[in-house]
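Trainee: Chains A and B supply the protein sequences, listed in that same order. The working numbering numbers the first residue of the first sequence as 1021 and each following residue consecutively. The working numbering numbers the first residue of the second sequence as 5 and each following residue consecutively. In this text, a Cβ means the ideal position worked out from N, Cα and C, and glycines have one as well. Since the model is a prediction, treat every value here as computed from it, not as a measurement. Here's a structure for you.
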Amino acid sequence: MGGSGLVDLVRNGDPTLWAIVLLSLRVTVSATLCGALVGIPSGALVALSRFRGRTPLIVVLNALMGLPPVVVGLTVFLLLSRSGPLGDLGLLFTPSAMVIAQAVLIAPIIAALTRQVIEDLWVEYRDELVAMEVGPAGRVATLVWDARFSLVTILLAGFGRAAAEVGAVMIVGGNIDGFTRVMTTTIALETSKGNLSLAITLGLILITLTMAVNALAWGVRQWAEHHAG
Amino acid sequence: MQDSVAAVKFSGERGAPRLMRFERVSYAVNATNILIDISLDLWAGLPTVLLGPNGSGKTSLLKVAMELILPTSGRIAHPQRQGVRRLRKAIVFQNPVMLRRTAASNVRYALEAAHRQPSATAVERLLARVGMAALANRPARKLSSGEQQRLALARALAREPDILFLDEPTSNLDPNATKGVEDIITHIAAEGVKVVIATHDLGQARRVANDVVFLANGRLLEQAPATDFFRRPASEAARRFLAGELVF
C-alpha cells in the first residue's frame, strides 16, 4: 500500500482507521497530561527539597526512566485484574487502563527531567528569589513557570514515549477491536498477520502525527519565547 | 598603620540612626577565608561605597548582609528601633536574573513577593522611576544590560527598602548606561533610602560615595568619609589601590 495506500485511506475516511487513530491520540494525550500532573510537581519538589535519602531517590527516579513497558503493563494488569487491589474499579481492558499504564511509564521520565531542569534553574535564581523573600510554594511556581519552555520539550519526550508504546497497552488494554485497539497494537497485530501494507500505513500515520504534535509545540514555543523572552 | 587593623574614621552623619552592625563577621568556604573578622556599622544617610579589588570580599559581604549566606562566625545585628517595623533590605546583583516575563510582570512579581498591591499604577510608577515606562511590555530577557539593571532596581524598589545593596551595578555597562544607573541611584539616595554600593571602579566611588569602606583580601582595612579616604587613605593597600597599583 505504502504512500498511495495512506492517501487512499485518509481520502476515503475509513471509520475504523480513524477510530484507531483518535483512540491512540486520546490515550496518549491523556497519559501525557496525567504523567505531567504527577511528574512536574514531584520533580520540582525533589529539585528544591533537601532531605535524607534524596540522592538515592534521584538515582531511583533516573533509573525509572528506563522502566520496561511490559513490566509496567504486568504491574498495572495485576493491580486492575479482578483479584487485584483495584479490581473493583473494572478498568482492565479499557482505554482508562491504557492511560494508567502509559502514565506510569512516562511520569518518572517527566519527573526526572523536570528535577534536573528545575535544579539547574534554581542555581541561577536562588539568590534573587531568596532576596525577594519568595516562599517555598512561590519558588516552585516561579521555577516551573520560568522553565515552561524546557518543560514543553520534556512533555514532548513523554508524549513520544507514550505514543510509541505497545507492550504495556497490549497487556492492560487487550487490543480489543473497536474498543482498545490503538495504532501501535494494530501495527503489531497486522504485522503478525502479514498485512504489512496496513501496518506500514499506520506507522506512517503515527510518525506524521508525532511530527505534527512536535512541530505544533515547537511553533508555540517559538512564539511564546519571542513574546515572553 | 598596619593593614590588618581597620582604621575606622566614620560613624555616620550627625543624628543618623545605625541600620546594621557587623560584629566580627567571618565567612569561609572549606579552608578558604572569604571574610575575616569584619566589624562594620552602616548608618542611615548618603551612599556608602564598598571599595576594593576583585576578590576582596565585597560581594560576600553583601550576601551576608542580605542573609543569603550565613557567617562562619560573628553576627549581624539590627539595632532595635522602637515602634519601627523590621528593617527592609533589597539587593541588585551584578548580573541580575530576569524572570521569563515582561518588564512589567517582573515588577508585578516583586510587588507580590513584597506583599504589596501589584496594581497597574504601582507597576507603572516603579518603571517610570527607573526610566523604563516605555519598555513595560518588552520581554525582560531581551532588554539591554543597562535596561536590565534598571529593571532590577525597579524590582528592588518594589520592596520599599530602608537599605539597598548594589553589587557592581554598572560593571557591564557603557558610560551612557552607567550614567543612567548612577542618576537613579542618586535619586534613590535623595529619597532617603540607604544605598550601599560594592564596586572596584574608583571613578564611580568618587562620584557617588559619601563614605568608603575599603576591603582587601577579605579584611576591612578602612572606613572613612569619601573625601578623607581619597585624600589621605590610612592603609598602604588603599594607597596602592588608589594609585592604580595591583592589590592582591
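Where B:L219 and B:F233 are concerned, what is the direct C-alpha to C-alpha distance, given to the nearest angstrom?
Mentor: The residue given as residue 219 of chain B occupies position 215 in the second sequence. The residue given as residue 233 of chain B occupies position 229 in the second sequence. Roughly 13 angstroms between the two C-alpha positions.
Trainee: Would you verify that the beta carbon of A:A1237 is, or is not, closer than 9 angstroms to some beta carbon of chain B?
Mentor: Counted from its first residue, the first sequence places residue 1237 of chain A at position 217. Cβ-Cβ to chain B under 9 angstroms: no for A:A1237.
Trainee: Using the C-alpha atoms, what's the distance from A:A1188 back to A:G1194?
Mentor: Numbered from 1 along the first sequence, position 174 holds the residue referred to as residue 1194 of chain A. Numbered from 1 along the first sequence, position 168 holds the residue referred to as residue 1188 of chain A. A:G1194 and A:A1188: Cα-Cα distance of roughly 10 angstroms.
Trainee: Taking just the CA atoms, how far does B:P51 sit from B:V68?
Mentor: One-based indexing of the second sequence puts residue 68 of chain B at position 64. One-based indexing of the second sequence puts residue 51 of chain B at position 47. The alpha-carbon atoms of B:V68 and B:P51 are separated by roughly 19 angstroms.
Trainee: Considering only residues of the segment 1101-1172 of chain A, which uninterrupted alpha helix (DSSP H) runs meet the minimum length of 4 residues and lie entirely inside it, listed in chain order?
Mentor: 1115-1151 and 1156-1166
Trainee: Would the segment 29-44 of chain B and the segment 62-81 of chain B be scored as touching if the rule is three or more Cβ pairs under 8 angstroms?
Mentor: yes
Trainee: Considering only C-alpha positions, which residue in the set A:A1157, A:L1133, A:R1146 and A:G1180 is nearest to A:A1083?
Mentor: Here residue 1083 of chain A corresponds to residue number 63 of the first sequence, with the count starting at 1. Nearest option by C-alpha distance: A:L1133.
Trainee: Rounded C-beta distance between A:V1202 and A:I1040? I'm assuming under 8 angstroms.
Mentor: Position 182 of the first sequence, counting from 1, holds the residue named residue 1202 of chain A. Position 20 of the first sequence, counting from 1, holds the residue named residue 1040 of chain A. That belief holds up - the Cβ atoms of A:V1202 and A:I1040 are roughly 6 angstroms apart, short of 8 angstroms.
Trainee: Looking only at its chain, what residues have a beta carbon closer than 6 angstroms to the beta carbon of B:I40, apart from the 5 residues adjacent to it on each side?
Mentor: If you number the second sequence from 1, residue 40 of chain B lands on position 36. Correct list, in chain order: S30, G222 and R223.
Trainee: Looking only at its own chain, which residues have a Cβ that is under 7 angstroms from the Cβ of A:W1142, when we skip the five neighbours before and after it?
Mentor: As a first step, residue 1142 of chain A must be located in the first sequence, where it is residue number 122. Cβ within range, chain order: A1067, L1068 and L1163.
Trainee: May I have a chain-ordered list of the alpha helix (DSSP H) segments no shorter than 4 residues that lie completely inside the segment 82-128 of chain B?
Mentor: Within the segment 82-128 of chain B, complete alpha helix (DSSP H) segments of at least 4 residues are found at 107-117, given in chain order.
Trainee: Taking contact to mean 3 or more Cβ pairs, one atom from each stretch, closer than 8 angstroms, check whether the segment 1099-1110 of chain A and the segment 1164-1171 of chain A are in contact.
Mentor: Output reads no: the segment 1164-1171 of chain A does not touch the segment 1099-1110 of chain A.
Trainee: For the segment 1136-1154 of chain A, list every residue whose C-beta sits within 9 angstroms of some C-beta in chain B, in sequence order.
Mentor: E1144, Y1145, R1146, D1147, E1148, L1149, V1150, A1151, M1152, E1153 and V1154
Trainee: Per DSSP, what kind of secondary structure is A:P1061 in: helix, strand or coil?
Mentor: Counting from one through the first sequence, the residue named residue 1061 of chain A turns up at place 41. Reduced to three states, the DSSP call for A:P1061 is helix.
Trainee: Decide yes or no for the touch test of the segment 166-183 of chain B against the segment 198-216 of chain B: beta carbon pairs closer than 8 angstroms, at least 3 of them.
Mentor: With a cut-off of 8 angstroms, the segment 198-216 of chain B and the segment 166-183 of chain B count as touching, because enough Cβ pairs lie within range.
Trainee: Note down, in chain order, each residue of its chain lying with its Cβ closer than 7 angstroms to the Cβ of A:F1179, except the 5 sequence neighbours on either side.
Mentor: For the purposes of this step, residue 1179 of chain A is taken as residue 159 along the first sequence, with counting starting at 1. Spatial neighbours of A:F1179 in its own chain (CB-CB distance under 7 angstroms, excluding positions within 5 residues in sequence) are listed in chain order as T1048, T1052 and V1233.
Trainee: For A:L1224, is the beta carbon positioned less than 8 angstroms from some heavy atom of the ligand SAM?
Mentor: In the structure shown, the ligand SAM is absent, as is every other ligand, since no ligand is present at all.
Trainee: Three or more C-beta pairs under 8 angstroms: does that hold for the segment 127-141 of chain B against the segment 101-112 of chain B?
Mentor: yes
Trainee: Beta carbons nearer than 8 angstroms to chain A: which residues of the segment 99-119 of chain B have them?
Mentor: P100, V101, M102, L103, R104, R105, T106, Y113, A114, A117 and A118
Trainee: Does any residue of chain B have a CB that is nearer than 9 angstroms to the CB of A:W1165?
Mentor: Taking the first sequence and counting its residues from 1, the one referred to as residue 1165 of chain A is at position 145. Output row for A:W1165: interface = yes.
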